[in-house]
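S.K.: I have a structure I would like to understand better, so I am pasting it below and will then ask my questions one at a time.
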Amino acid sequence: MNDVDNTLTTQLFSQKNGITSALLGLTILWHPETERIGEQFIGPAEEGAIEVCRYSPLFFRPGQDGIALGHRAIARAPLMVRRTADDAVELAAPDSRMALEVNGTLLNGTRSFTRDEVGAGVVLGLGGHVLLCLHWMTSFPRPNLFPGLLGVSSGAIATRELIRQVAGTDLAVLLLGETGTGKDVAARAIHQASKRSANPLVAVNMATLSESLAAADLFGAAKGAYTGAQAPRQGLFAEADGGTLFLDELGDTPASVQPMLLRVLETGCYRPLGASQDARTTARLIAATDQDLDARGFNQPLLRRMEAFVIRVPTLRERREDIGVLLLHMLKGCGLTAEELAAFPPALVSEMCNYDWPGNIRQLANVARRMVMALQAGERPVLSQYVQAPAPLRSASASLAAPNGQPNGQPNGQPHEQPRSASLKAPLDTAPRRKLAEVSNDDLLGALEEHGWQISGAAQQLGLSRPSLYKLIEAHPAIRPAALIPRDELDAALRAHGGDLALCASLLKTPSEALRRHLRVLGLDAGTS
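For reference, each letter of the sequence shown is one residue, going 25 to 553 in my numbering.
In structure tokens, the structure reads:
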């Protein structure tokens with residue numbers, strides 16, 4: 025690591041009376057000049073004030089000069105952001121006609137936020153065109169050496185730093201995080217940054233392995249090892265030899281093969297099913313789970329071995345300041361031009377930044393795709409059309425759509441009595457367990473659509489185990505087994521959607537993981553969801 029790298033990994037903390045404190049920061053979530061999205065301002069480490077107006081403060085990217093927000097809809101009179109001695113933050117609206125929203129609520133006077141509330145990210149809407157996120161910063165902004173791992177938040181920076189540290193080793197890695205946080209992307213980044221990058225990265229979803237054939241899938245089998253084994257079969261460990269084997273959904277590993285995995289980790293040896301001698305592998309293991317493996321009775325020695333290096337991938341609600349950067353990337357991926365990006369409705373972006381995204385980045389990507397399709401069809405999308413909501417959405421951005429920037433707030437400086445996500449709250453915990461008979465065919469299709477036809481997210485939303493969800497899928501008349509879909513239909517779907525796996529799965533009405541496996545068998549290419 026060179027001197028620049030050392031400088032860039034410096035953490036942003038201050039010490040006062042022996043107490044460690046993060047710095048206050050501002051990140052541009054949305055701006056009509058979309059190239060400015062993700063620029064940041066680093067505020068005070070101790071009590072002090074930030075004046076936010078058209079001409080200050082200066083926002084920057086690493087290695088670039090700072091630039092003020094500059095948009096004419098932003099008032100010259102400043103919004104005052106004051107950090108107090110106890111790490112609370114006070115906002116005072118400017119003396120101007122500029123519409124100011126805080127977490128989707130109009131503000132005409134003052135409002136205070138606790139340290140934890142700032143930690144969740146405070147979304148500021150300025151003049152109907154610019155969105156900022158007020159948040160704590162614990163890492164200095166730095167260039168991103170992993171293009172697939174987007175984000176300017178301290179959480180994203182810390183994750184990339186851990187990946188950089190472990191990539192050059194042969195340690196087993198355990199990736200922890202909720203469904204949709206990008207654990208598979210992190211696994212690919214580790215592989216691509218390692219000395220193994222020229223060799224295969226082989227991925228398997230452990231939830232898809234049957235108890236009876238899991239050993240053969242992983243370790244291979246000799247001819248005649250089981251009924252139908254008419255030729256020797258190469259397992260995933262042999263396929264990944266010299267490269268990386270990624271075990272997704274580790275918590276769903278069949279109990280019968282957990283001791284076998286432990287032996288591979290300890291000795292590098294395994295025995296194919298029905299074989300008379302051992303084989304060796306040099307594959308590196310990376311695993312991922314969204315489950316508490318200690319609570320599930322998982323093989324403890326295996327778990328301890330996999331914990332050689334643990335990376336916790338943060339949720340999207342823990343890195344709200346990254347939503348703008350991620351959304352911009354997704355919209356560009358949908359083919360929007362610079363003019364179309366600049367015209368993307370700020371009110372819609374505000375709704376998205378104020379939502380807690382229980383499905384994390386995957387859910388954001390799925391919703392972004394569907395919104396683009398709606399806009400291109402001449403429709404006016406509303407977030408509540410695409411995510412679960414217990415009640416009809418009341419626009420979180422009324423003033424962002426108001427003419428001439430006139431605020432529609434309550435008199436006497438009081439905000440509307442509607443906190444963030446009051447009418448569109450993301451369910452942060454797994455749904456209560458349900459019986460199969462309680463889940464209708466429409467419920468099943470809706471959950472699969474919302475989660476990009478990913479089994480894990482749909483099962484969590486419906487309150488079912490994965491095996492139970494598979495039973496419903498097998499019985500559903502509209503859901504198709506991937507292996508039975510004709511090749512010409514697969515080719516047509518891939519061409520129509522540019523290889524986007526989630527959109528292909530939705531079109532073909534088949535789970536995305538099964539579709540990915542079938543495409544791999546056929547030698548067809550698809551992107552990742």
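Where is the CB? At the ideal position from N, CA and C, for every residue including glycine.
Bear in mind that the values here come from a model prediction, so they are computed numbers and not experimental data.
Hey, how far is the Cα of Arg257 from the Cα of Leu242?
M.R.: Each residue's alpha carbon lies about 10 angstroms from the other.
S.K.: Would you be able to state if there are at least three C-beta pairs under 8 angstroms between the region 119–135 and the region 311–319?
M.R.: Result no; under three Cβ-Cβ pairs closer than 8 angstroms.
S.K.: Tell me where the beta strand (DSSP E) around Asp276 begins and ends.
M.R.: Where Asp276 is concerned, there is no enclosing beta strand (DSSP E), given that its DSSP letter is neither H nor E.
S.K.: What residues are listed by DSSP as bridge partners for Trp160?
M.R.: Bridge partners of Trp160: Leu48.
S.K.: Inspect the CB distances between the region 494–514 and the region 320–338 and report whether three or more fall short of 8 angstroms.
M.R.: Result no; under three Cβ-Cβ pairs closer than 8 angstroms.
S.K.: Ends of the alpha helix (DSSP H) at Glu537?
M.R.: First-last of the alpha helix (DSSP H) with Glu537: Ser536 to Leu546.
S.K.: Return the chain-ordered ranges of every beta strand (DSSP E) run that is complete within the region 311–352 and spans a minimum of 3 residues.
M.R.: You should have 334–336.
S.K.: Would you call the region 343–359 and the region 386–397 touching, i.e. three or more CB-CB distances under 8 angstroms?
M.R.: Enough Cβ pairs lie closer than 8 angstroms, so yes.
S.K.: Have a look at Val105, Leu355 and Thr51 and flag the residue whose alpha-carbon is nearest the alpha-carbon of Leu399.
M.R.: Among Val105, Leu355 and Thr51, the Cα nearest to that of Leu399 is on Leu355.
S.K.: In three-state terms, what does DSSP make of Asn127?
M.R.: DSSP places Asn127 in coil when its eight states are reduced to three.
S.K.: Determine the contact status of Val281 and Leu327, defining contact as a CB-CB distance below 9 angstroms.
M.R.: Not a contact, by the Cβ cut-off of 9 angstroms.
S.K.: Which of the three DSSP states is assigned to Met376 in this structure?
M.R.: Met376: helix per DSSP, three-state reduction.
S.K.: Quick check on DSSP: helix, strand or coil for Glu75?
M.R.: Of the three classes helix, strand and coil, the one that applies to Glu75 here is strand, per DSSP.
S.K.: Lys207: buried (16+ other C-beta within 10 angstroms of its C-beta) or exposed?
M.R.: Label assigned to Lys207: buried.
S.K.: State the start and end residues of the unbroken alpha helix (DSSP H) segment that holds Asn132.
M.R.: That residue, Asn132, is in no alpha helix (DSSP H); it is neither H nor E in DSSP.
S.K.: Looking at Gly145 and Arg107, is the spacing between their C-beta atoms short of 9 angstroms?
M.R.: No. Outside cutoff.
S.K.: Mapping the DSSP letters down to three states, classify Ala245 as helix, strand or coil.
M.R.: It is a strand residue.
S.K.: If you measure between the beta carbons of Ala231 and Glu202, is that distance less than 9 angstroms?
M.R.: No; because the gap between Cβ atoms is not below 9 angstroms, this pair is not in contact.
S.K.: Considering Cα atoms alone, identify which of Leu285, Pro283 and Asp302 is closest to Ala245.
M.R.: That would be Asp302, whose Cα lies nearest to the Cα of Ala245.
S.K.: Would you mind working out which of Ser136, His353 and Ser374 sits nearest Leu365, comparing C-alpha positions?
M.R.: Looking at the Cα atoms, His353 is the closest of the given residues.
S.K.: Tell me the DSSP bridge mates of Arg106?
M.R.: Answer is Ala73 and Glu114.
S.K.: How long is the line joining the alpha carbons of Leu548 and Leu93, rounded to whole angstroms?
M.R.: Going by the C-alpha atoms only, they are around 46 angstroms apart.
S.K.: What do you get for Ala213, buried or exposed, if any count of 16 or more other CB atoms within 10 angstroms of its CB means buried?
M.R.: With 16 or more Cβ atoms within 10 Å of its Cβ, Ala213 is classed as buried.
S.K.: Within 10 angstroms of the Cβ of Thr306, are there 16 or more other Cβ atoms? Answer buried if so, exposed if not.
M.R.: Answer is exposed; the Cβ neighbour count stays below 16.
S.K.: In the DSSP output, which residue or residues are listed as bridge partners for Tyr294?
M.R.: Ala303, per the DSSP bridge assignment.
S.K.: Rounded to whole angstroms, what is the Cα-Cα separation between Gly476 and Ser300?
M.R.: Roughly 43 angstroms separates the two Cα atoms.
S.K.: From what residue to what residue does the alpha helix (DSSP H) around Asn390 run?
M.R.: From DSSP, the alpha helix (DSSP H) with Asn390 extends over Asn384 to Gln400.
S.K.: On a Cα-Cα basis, can you pick out the residue from Glu70, Val288, Leu82 and Lys247 that is closest to Ala262?
M.R.: For the residues Glu70, Val288, Leu82 and Lys247, the minimum Cα distance to Ala262 belongs to Val288.
S.K.: In angstroms, rounded to a whole number, what distance separates the CA positions of Arg418 and Ala401?
M.R.: With a pLDDT of 35 at Arg418, under the threshold of 50, the modelled position of that residue is not reliable, and no figure is offered here.
S.K.: Could you tell me the distance, in whole angstroms, from the CA atom of Cys5 to the CA atom of Ile181?
M.R.: Any answer about residue 5 is impossible in this case: the structure gives the chain only from 25 up to 553.
S.K.: Can you tell me whether Ala222 is buried or exposed? The criterion is at least 16 other CB atoms within 10 Å of its CB, across all chains shown.
M.R.: Counting Cβ neighbours within 10 Å, Ala222 comes out exposed, since fewer than 16 surround it.
S.K.: Of all the options Leu488, Ser480, Ala482 and Leu472, which has the alpha carbon lying nearest to the alpha carbon of Glu462?
M.R.: Selected option, being the one with the closest Cα: Leu488.
S.K.: Thinking Arg490 and Lys533 are a contact (beta carbons under 8 angstroms), I'd like their distance in whole angstroms, please.
M.R.: Actually they do not touch by this definition, with Cβ atoms about 19 angstroms apart.
S.K.: By the DSSP assignment, the alpha helix (DSSP H) with Phe261 in it spans what residues?
M.R.: Taken as a continuous stretch (DSSP letters only), the alpha helix (DSSP H) holding Phe261 covers Leu260 to Glu263.
S.K.: Put Gly357 into one of helix, strand or coil per three-state DSSP.
M.R.: Three-state DSSP puts Gly357 in a helix.
S.K.: Are the CB atoms of Pro81 and Leu47 nearer to each other than 9 angstroms?
M.R.: No. Outside cutoff.
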